[in-house]
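Take any residue in the sequence shown, note its place counting from 1, add 411, and you have its number in the working numbering.
By construction, the Cβ of each residue, glycine as well, lies at the ideal position given by its N, Cα and C atoms.
Reading through the structure tokens given below for one structure.
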Amino acid sequence: MNVVLWITAGALAVLFVGAGAAKLLQPKEKLAAGPNMAWAEPFSPGAIKLIGLAEVLAAIGLILPALLDVAPVLVPLAATGLILLMIGAITVHARRQENQTLVMNVILLVLAAVVAWGRFGPHAF
Numbered sequence: 412m413n414v415v416l417w418i419t420a421g422a423l424a425v426l427f428v429g430a431g432a433a434k435l436l437q438p439k440e441k442l443a444a445g446p447n448m449a450w451a452e453p454f455s456p457g458a459i460k461l462i463g464l465a466e467v468l469a470a471i472g473l474i475l476p477a478l479l480d481v482a483p484v485l486v487p488l489a490a491t492g493l494i495l496l497m498i499g500a501i502t503v504h505a506r507r508q509e510n511q512t513l514v515m516n517v518i519l520l521v522l523a524a525v526v527a528w529g530r531f532g533p534h535a536f
């Protein structure tokens, strides 16, 4: 199970570094013009950057603390942060009736919940 948790955390980290970096590095107008980013239109540029920063920090928190053996309790906390981000994303996409994106957010929430459960519980560092 430890290997499954590492793989899941690694996959989440790669995905959220990419998604967060896109939100941090691209202007709001370019993001909102993208196929799966129309949700960004009503949000301020600062809010979008904050979401991106939270995603990047959570991705780092999923891997680095355990890898460096420095405050490994941050791993399940980062996964919990991703759960909260995904609850927000699910809310936004459900209101906009963006069902395809909604499904992806639910999957990411479940994966983050598995990491949080495993690292807080039976497979803690």
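Residue j beta carbon less than 8 Å from that of residue i
i: residue 520; j: residue 494; result: yes
i: residue 420; j: residue 474; result: yes
Chain-order list of residues whose beta-carbon lies under 8 Å from that of residue i (same chain, five-residue window excluded)
i: residue 465; result: 431, 492 and 496
Same chain only: Cβ atoms within 6 Å of residue i, ignoring 5 sequence neighbours per side
i: residue 477; result: 483, 486 and 536
i: residue 530; result: 486 and 487
i: residue 470; result: 424, 427 and 428
Residue i in three-state terms, based on DSSP
i: residue 530; result: helix
i: residue 507; result: coil
i: residue 429; result: helix
i: residue 412; result: coil
i: residue 438; result: coil
Cβ neighbours of residue i in the same chain (closer than 7 Å, five flanking residues each side left out)
i: residue 527; result: 487, 490, 491 and 494
i: residue 439; result: 451, 456 and 459
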